[in-house]
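One point on numbering: in the working numbering, the residue at position 300 of the sequence shown is 320, and numbering is uninterrupted.
Worksheet: the structure to be examined is printed underneath.
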Amino acid sequence: AEELKGLISEKKRLENEIRKLEAMPKVYAGRFVEPGDTFRLHRGDPMMEREQVHPGGIVSLASLPLDLPESTPEQERRLALAEWIASEENPLTARVIVNRVWHYHFGKGLVKTPSEFGNLGVEPSHPELLDYLAKRFVDEGWSLKKLHKWILMSQTYRQSSLPREDCLSVDAGTKLLWRYPPHRLEAEPIRDSILAISGNLDLSMGGPGYEVFEPNDNYVHVYEAKRSFGPEEWRRMVYQFKPRMEQDQTFGVFDCPDAALPTPKRTRSTTPLQALNLLNSPFILQQCGILSQRLVEDAGADVSDQIELAFRLAFGRSPCDTELTSAEALVNQYGLPIFCRAMFNANEFLYVN
21 AEELKGLISE
31 KKRLENEIRK
41 LEAMPKVYAG
51 RFVEPGDTFR
61 LHRGDPMMER
71 EQVHPGGIVS
81 LASLPLDLPE
91 STPEQERRLA
101 LAEWIASEEN
111 PLTARVIVNR
121 VWHYHFGKGL
131 VKTPSEFGNL
141 GVEPSHPELL
151 DYLAKRFVDE
161 GWSLKKLHKW
171 ILMSQTYRQS
181 SLPREDCLSV
191 DAGTKLLWRY
201 PPHRLEAEPI
211 RDSILAISGN
221 LDLSMGGPGY
231 EVFEPNDNYV
241 HVYEAKRSFG
251 PEEWRRMVYQ
261 FKPRMEQDQT
271 FGVFDCPDAA
281 LPTPKRTRST
291 TPLQALNLLN
301 SPFILQQCGI
311 LSQRLVEDAG
321 ADVSDQIELA
331 FRLAFGRSPC
341 DTELTSAEAL
351 VNQYGLPIFC
361 RAMFNANEFL
371 YVN
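Okay, structure coming up:
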């Protein structure tokens, strides 16, 4: 009986020790194991293994073989794959990269399907231009900086986006690049630009991101959008924590994709909610109030000087006489914050021209 009591006591002591261990912080950790053999599966059934499959190239790309001995170590396999992808004999890699960069600058790529260059994709609108840029990109050592420079310094990129009747009648979609195709900024640069103009943008690099939802410890997590913001939320939007199936209350309506889904090409929509969010959301109201204070502090008490500074900050130019007269009437009647809200809703601020 005494021995049994001792065992029970020892059991309780061990259970208490286990509870203490369970209460300690936990982290996810990886465990590296040697990869197992891979087999061809009959009709895809994992229970019906056939002959063993060894590392190698894609059979359909016979023009660019990737032959590896069966005993090749994993490190050499990875190196061989990297060299195969970046080979000068493989033009697809460079063409995809060039098309993506073009897509980011023009709003649409030379190939409209950036993740599909195969039979299901769209043919390039300017195949010779795509091939020229891809070859030059490879010849210059795969330099993305040079690629950006070639595009941004080109006459095609630097031309006006103003329409011309003779061209619109032939090519309304600007497929022939007779003007710079105007397109709205994405959610991220809109938010970052607003913070930069108000003087609040935090450009610090790295570190933890910021939350746009109130913290809670519910078993079933409920995402309630924040209604007040401080310096910790004034970092660039690339550092925003994005939970799956949830959107930023203000900028989610600007076609900001779900973080759980790969989105090679964003949708582009124009809805009343976008304008309403840029007029009435707590974030915009706060930033407009801060911008108003900045205009008063930096430009003084004169309304004309305040409007001049606001135009230079938001549009990079001075207002014309008509704009100045209208803006002065708006400020005098409703105040600077209302004028700032109008600036953030202007097409000149939201669209790349």
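In this text, a Cβ means the ideal position worked out from N, Cα and C, and glycines have one as well.
Membership of Gln-267 in any beta strand (DSSP E) is not indicated, and neither H nor E is assigned to it by DSSP. In this structure, DSSP gives Thr-92 a state outside helix and strand, which the three-state scheme calls coil.
In the DSSP assignment, Ala-245 forms a beta bridge with Phe-233. Annotation for Thr-58: the continuous beta strand (DSSP E) segment containing it runs 58-61. Secondary structure at Tyr-371: strand, using DSSP grouped into helix, strand and coil. Around the beta-carbon of Gln-267, 16 or more other beta-carbon atoms lie within 10 Å, marking it buried. Three or more beta-carbon pairs separated by less than 8 angstroms link the stretch 340-352 to the stretch 319-327, which places the two stretches in contact.
With the rule of 3 Cβ pairs closer than 8 angstroms, the stretch 261-277 counts as touching the stretch 204-223. Around the beta-carbon of Tyr-371, fewer than 16 other beta-carbon atoms lie within 10 Å, marking it exposed. Around Phe-261, the same chain offers Gly-229 and Glu-231 as residues with beta carbons nearer than 6 angstroms, after the five sequence neighbours per side are excluded. Following the DSSP letters along the chain, one finds Val-323 in no beta strand (DSSP E) but inside the alpha helix (DSSP H) bounded by residues 323-335. Taking every protein chain shown into account, the CB of Gly-129 has 16 or more other CB atoms within 10 angstroms, so this residue is buried. The beta-bridge partner set that DSSP reports for Val-73 consists of Thr-58.
Residue pairing of His-203 in beta bridges, as defined by DSSP: Val-372. When the beta-carbon positions are compared, Pro-292 and Thr-283 stay at least 8 angstroms from each other. Residue pairing for Gln-260: DSSP places it in a beta bridge opposite Tyr-230. Only exposed fits Phe-52, as fewer than 16 other CB atoms lie within 10 angstroms of its CB. In this structure, the alpha-carbon of Gly-336 lies about 14 angstroms from that of Asn-367. By the CB criterion at 8 angstroms, Ser-181 and Arg-314 fall outside the cutoff. Comparing C-alpha distances from Gly-226 to each of Met-44, Leu-356, Asp-318 and Met-257 shows the shortest one belongs to Met-257.
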